[in-house]
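Residue numbers (my numbering), protein chains in the order written: chain A, 9 to 146; chain B, 9 to 146. Don't be surprised by glycine CBs; every beta carbon is placed ideally from N, CA and C. Predicted model only: the values in this text are computed from it and were never measured. Here's the structure, in structure tokens; my notes come after.
Number of protein chains: 2
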Amino acid sequence: MSDLLARLRDRGWRLTAQRRVVAEVLDGEHVHLTADDVLERATARLPEISRATVYNTLGELVLLGEVIEVATDGRAKRYDPNAHRPHHHLVCSRCGTIRDVRPAGDPLADLPAGERFGFTLSGVEMTYRGVCPDCAGG
Amino acid sequence: MSDLLARLRDRGWRLTAQRRVVAEVLDGEHVHLTADDVLERATARLPEISRATVYNTLGELVLLGEVIEVATDGRAKRYDPNAHRPHHHLVCSRCGTIRDVRPAGDPLADLPAGERFGFTLSGVEMTYRGVCPDCAGG
DNA sequence: ATACTACGATGGACGAAGTCCAAGTCAATA
DNA sequence: TATTGACTTGGACTTCGTCCATCGTAGTAT
Numbered sequence: 009m010s011d012l013l014a015r016l017r018d019r020g021w022r023l024t025a026q027r028r029v030v031a032e033v034l035d036g037e038h039v040h041l042t043a044d045d046v047l048e049r050a051t052a053r054l055p056e057i058s059r060a061t062v063y064n065t066l067g068e069l070v071l072l073g074e075v076i077e078v079a080t081d082g083r084a085k086r087y088d089p090n091a092h093r094p095h096h097h098l099v100c101s102r103c104g105t106i107r108d109v110r111p112a113g114d115p116l117a118d119l120p121a122g123e124r125f126g127f128t129l130s131g132v133e134m135t136y137r138g139v140c141p142d143c144a145g146g
Numbered sequence: 009m010s011d012l013l014a015r016l017r018d019r020g021w022r023l024t025a026q027r028r029v030v031a032e033v034l035d036g037e038h039v040h041l042t043a044d045d046v047l048e049r050a051t052a053r054l055p056e057i058s059r060a061t062v063y064n065t066l067g068e069l070v071l072l073g074e075v076i077e078v079a080t081d082g083r084a085k086r087y088d089p090n091a092h093r094p095h096h097h098l099v100c101s102r103c104g105t106i107r108d109v110r111p112a113g114d115p116l117a118d119l120p121a122g123e124r125f126g127f128t129l130s131g132v133e134m135t136y137r138g139v140c141p142d143c144a145g146g
């Protein structure tokens with residue numbers, strides 16, 4: 009955590025109370041929060057924080073590569089603080105909760121040259137879908 | 009195409025002019041249109057068609073498994089008429105165009121039991137990212 | 001052909017998610 | 001401790017999508 013704040017300061021970030029709180033919220037629980045979740049938790053610690061600032065800060069963290077934006081459905085984006093460990097996602101089709109997973113193999117290598125259409129590949133996201141134990145009624 | 013209309017009638021669909029037009033638009037160009045794209049093209053053929061009907065029809069086609077909903081970014085969903093041939097997507101990070109691709113291997117099998125967290129898996133979506141030849145300046 | 005009726009279409013209000021902007025505030029620097 | 005430009009604020013605005021009461025019509029029966 010303090011690592012994150014240190015990295016941000018090194019990159020010329022002005023360390024405001026608002027940014028600190030957003031970073032703390034993301035780092036606090038390693039779950040995948042929506043912007044509104046972040047706003048709610050941030051407001052608990054710093055009541056005057058505004059929606060715009062939360063969006064701004066999340067966007068900056070994404071640009072800096074400290075946080076990953078996950079759009080698993082057409083709903084609100086979720087923010088994944090686990091950015092420094094490559095992984096994919098497993099999403100519950102009922103309740104929408106997300107787990108980080110690491111499949112075997114190298115999916116990038118699995119795309120044959122004939123299927124690349126001349127693209128220069130930069131990465132691949134995998135989203136596994138299923139029903140979690142809670143929603144399955146187990 | 010007439011196949012699609014036939015399948016829909018077999019499933020008890022009332023074949024209205026609006027539904028016919030939406031189906032034709034989707035089947036016409038095999039690209040990945042947004043709901044607004046579909047509305048625009050549908051309006052060209054049937055000026056009185058309403059936004060709600062386009063959304064309703066697209067939703068029904070998705071439920072019937074005739075069309076796949078693709079959410080590659082946080083923006084508008086896109087609708088993929090290539091539903092009967094399993095495939096994944098290759099998205100240009102610059103211009104956003106989408107190509108259908110078929111990677112080798114079975115990504116579902118690549119998720120080890122220890123990484124399934126008790127979920128009952130139903131499928132997996134892969135989104136390859138890269139830059140297309142046009143955008144690469146080639 | 002005609003009438004009937006339930007299913008589908010309409011459009012406008014509504015809601016959720018996110019962006020933008022002018023004005024005010026404050027962290028870092030000197 | 002004064003300065004200043006980067007940051008924050010809140011509210012208006014945009015985009016994408018849903019909902020609903022009312023109207024229209026495809027398919028069926030006669």
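Euclidean distance between Cα positions of B/PRO120 and A/GLY113: Indexing the second sequence from 1 puts residue 120 of chain B at position 112. Indexing the first sequence from 1 puts residue 113 of chain A at position 105. Spanning the two alpha carbons is a distance of roughly 11 Å.
7 Å CB neighbourhood of B/SER101 in its chain, flanking five on each side removed: Here residue 101 of chain B corresponds to residue number 93 of the second sequence, with the count starting at 1. Excluding five sequence positions before and after B/SER101, the CB atoms of its chain that fall closer than 7 Å to its own CB belong to ARG137, GLY138 and VAL139, given in chain order.
Where A/LEU129 meets chain B, residues with beta-carbon distance less than 9 Å: On the first sequence, residue 129 of chain A is found 121 positions in, with the first residue counted as 1. Within chain B, the residues near A/LEU129 are LEU98, TYR136, ARG137, GLY138 and VAL139.
Contact list for the segment 109-120 of chain B against chain A, Cβ threshold 8 Å: When C-beta distances to chain A are compared with 8 Å, the residues of the segment 109-120 of chain B below that value are VAL109, ARG110, PRO111, ALA112, GLY113, PRO115, LEU116, ASP118, LEU119 and PRO120, in chain order.
Close beta carbons around B/CYS143, own chain, < 7 Å, minus the five adjacent residues each side: To locate residue 143 of chain B, count along the second sequence from 1; it is residue 135. Counting only Cβ-Cβ distances below 7 Å, and skipping sequence neighbours, we find CYS100, ARG102 and CYS103.
Where A/ASP88 sits in the DSSP three-state scheme: Taking the first residue of the first sequence as 1, we reach residue 88 of chain A at position 80. In the three-state reduction of the DSSP assignment, A/ASP88 falls in the strand class.
Cβ pair count under 8 Å reaching 3, the segment 77-89 of chain A against the segment 77-93 of chain B: Verdict: yes, contact present.
Pairwise C-alpha distance: A/THR65 and B/ARG59: Taking the first residue of the second sequence as 1, we reach residue 59 of chain B at position 51. Taking the first residue of the first sequence as 1, we reach residue 65 of chain A at position 57. For B/ARG59 and A/THR65, the distance between alpha carbons rounds to 35 Å.
Identity of the residue in A/THR61, A/ASP44, A/GLU37 and A/THR42 nearest A/ALA25 by Cα: Translated into the one-based positions of the first sequence, residue 25 of chain A becomes position 17. Taking only the C-alpha atoms, the option nearest A/ALA25 is A/THR61.
Interfacial residues, the segment 12-24 of chain A to chain B, with Cβ spacing under 9 Å: Per Cβ criterion, the list is empty.
Delimiting residues of the alpha helix (DSSP H) encompassing A/LEU72: For the purposes of this step, residue 72 of chain A is identified with residue 64 of the first sequence, where counting begins at 1. It is not in any alpha helix (DSSP H) - A/LEU72 carries neither H nor E in the DSSP assignment.
Neighbouring residues, chain B, relative to A/ARG107 (Cβ below 7 Å): By one-based count along the first sequence, residue 107 of chain A stands at place 99. By Cβ distance, chain B contributes PHE125.
Nearest-angstrom Cβ-Cβ length linking B/VAL70 and B/HIS40, presumed shorter than 8 Å: In the second sequence, counting from the first residue as 1, residue 70 of chain B sits at position 62. In the second sequence, counting from the first residue as 1, residue 40 of chain B sits at position 32. About 13 Å; that fails the 8 Å criterion.
Opposing strand residues paired with A/ARG107 [DSSP bridges]: For the purposes of this step, residue 107 of chain A is taken as the residue at position 99 of the first sequence. A/ARG107 pairs with A/LEU98.
A/GLU32 in three-state terms, based on DSSP: Start at 1 with the first residue of the first sequence, and residue 32 of chain A comes out as number 24. Under the three-state reduction of DSSP output, A/GLU32 falls in the helix class.
Partners in chain B for A/VAL132, counting only beta-carbon separations shorter than 8 Å: On the first sequence, residue 132 of chain A is found 124 positions in, with the first residue counted as 1. Within 8 Å Cβ-Cβ: MET134, THR135, TYR136 and ARG137.
Close beta carbons around B/LEU54, own chain, < 7 Å, minus the five adjacent residues each side: What you label residue 54 of chain B is simply residue 46 of the second sequence in a count that begins at 1. Same-chain partners within the cutoff: ALA25, GLN26 and VAL29.
B/LEU129, enclosing alpha helix (DSSP H) - first and last residue: If you number the second sequence from 1, residue 129 of chain B lands on position 121. Taken as a continuous stretch (DSSP letters only), B/LEU129 belongs to no alpha helix (DSSP H), being part of the beta strand (DSSP E) at 128-139.
B/VAL39 in three-state terms, based on DSSP: Locating residue 39 of chain B in the second sequence gives position 31, counting from the first residue. If DSSP states are grouped into helix, strand and coil, B/VAL39 belongs with coil.
Among A/GLY20, A/THR51, A/THR128 and A/ARG17, the one whose alpha carbon lies nearest that of A/VAL33: Position 25 of the first sequence, counting from 1, holds the residue named residue 33 of chain A. A check of alpha carbon separations from A/VAL33 across A/GLY20, A/THR51, A/THR128 and A/ARG17 identifies A/THR51 as the nearest.
Minimum Cβ-Cβ distance from A/ALA144 to chain B less than 8 Å: Taking the first sequence and counting its residues from 1, one reaches residue 144 of chain A at position 136. True, the Cβ-Cβ gap to chain B drops below 8 Å.
Rounded separation between A/GLY20 and A/LEU13 - CA only: Your numbering for residue 20 of chain A matches position 12 in the first sequence. Your numbering for residue 13 of chain A matches position 5 in the first sequence. Computed Cα separation, rounded: 11 Å.
Exposure of B/HIS148, with buried meaning 16 or more beta-carbon neighbours within 10 Å: This structure does not reach residue 148 of chain B, given that chain B is present from 9 up to 146, and the question cannot be answered.
Cα-Cα separation between B/GLU123 and A/PRO94, rounded to whole angstroms: Position 115 of the second sequence holds residue 123 of chain B. Position 86 of the first sequence holds residue 94 of chain A. Spanning the two alpha carbons is a distance of roughly 14 Å.
Test item: CB-CB of A/PRO111 and B/ASP118 under 8 Å: Mapped onto the first sequence, residue 111 of chain A falls at position 103. Mapped onto the second sequence, residue 118 of chain B falls at position 110. With respect to the 8 Å criterion, A/PRO111 and B/ASP118 are classified as neighbours on the basis of their beta carbons.
Residue environment, B/ARG107, which counts as buried when at least 16 other CB atoms sit within 10 Å: Translated into the one-based positions of the second sequence, residue 107 of chain B becomes position 99. Buried, since its Cβ has 16 or more Cβ neighbours within 10 Å.
Assigned secondary structure, A/GLU56 (DSSP; H/G/I helix, E/B strand, else coil): Position 48 of the first sequence, counted from the first residue, corresponds to residue 56 of chain A. In the structure shown, A/GLU56 sits in coil (DSSP, three-state: anything other than H, G, I, E or B).
Residues bridged to B/VAL46 [DSSP beta-bridge criterion]: By 1-based counting over the second sequence, the position of residue 46 of chain B is 38. BP columns for B/VAL46 are empty, so no partner.
Closer than 8 Å to chain A by CB, B/GLY104: Looking up residue 104 of chain B in the second sequence gives position 96. Not one chain A Cβ lies under 8 Å of B/GLY104.
Test: B/GLY73 CB closer than 8 Å to a CB of chain A: Taking the first residue of the second sequence as position 1, residue 73 of chain B is located at position 65. It does not: the Cβ of B/GLY73 has no partner Cβ on chain A nearer than 8 Å.
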